[in-house]
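Below is one structure, written out as structure tokens; comments come after it.
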Amino acid sequence: MAINRQLLDCLVCPMSREKLHEADVSFVDAVNGLIAKGALTNQKGDTLTQPIDGGLLRADLTVLYPIHDDIPNLLVDEAIDVSKIAGK
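Mapping to our numbering: the sequence shown position 54 is 769, numbers consecutive.
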């Protein structure tokens, strides 16, 4: 899944206004592995159960906005804390 470069250049994190970039496949695989184990929650505290197709990673590598069916979800409540995966 590739997001249009012009669109990606315009997208920022709604919480911090930091730039977003597309997460690589290995990072998405790591996130999906933790989702399968029931080990990840979103910002509102819901345990994630559905694997993601991709994600937009915040520049500080702590927050991932999931992509499902080629649609990025930039709702703050749906953002995933990935600081442990990214080593932050």
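Every residue, glycine too, gets a C-beta built ideally from N, C-alpha and C.
With a threshold of 16 other CB atoms inside 10 Å of the CB of residue i, please say whether the residue is buried or exposed.
| i | result |
| --- | --- |
| L772 | buried |
| A743 | The sequence as given places Val at residue 743; Ala does not occur at that position. Burial call: buried. |
| I786 | exposed |
| C816 | Because the chain is modelled from 716 through 803, residue 816 falls outside the range shown and cannot be assessed. |
| A754 | exposed |
| V797 | buried |
| A751 | exposed |
Can you name, in chain order, every residue of its own chain whose Cβ lies under 6 Å from the Cβ of residue i, other than the five neighbours on each side?
| i | result |
| --- | --- |
| V778 | A794 |
| A774 | E733, K734 |
Return the bridge partner residues of residue i from the DSSP annotation.
| i | result |
| --- | --- |
| I795 | N757, L779 |
| R773 | L735 |
| T762 | T756 |
| V727 | K734 |
By Cβ distance, which residues of its chain are closer than 7 Å to residue i, with the 5 residues on each side in sequence left out?
| i | result |
| --- | --- |
| N757 | L763, D792, E793, A794, I795 |
Return helix, strand or coil for residue i, following the three-state DSSP convention.
| i | result |
| --- | --- |
| I800 | helix |
| I786 | strand |
| N747 | helix |
Within a Cβ cutoff of 8 Å, which residues of the same chain sit near residue i, ignoring the five residues on either side of it in sequence?
| i | result |
| --- | --- |
| H736 | L723, L771, L772, A774 |
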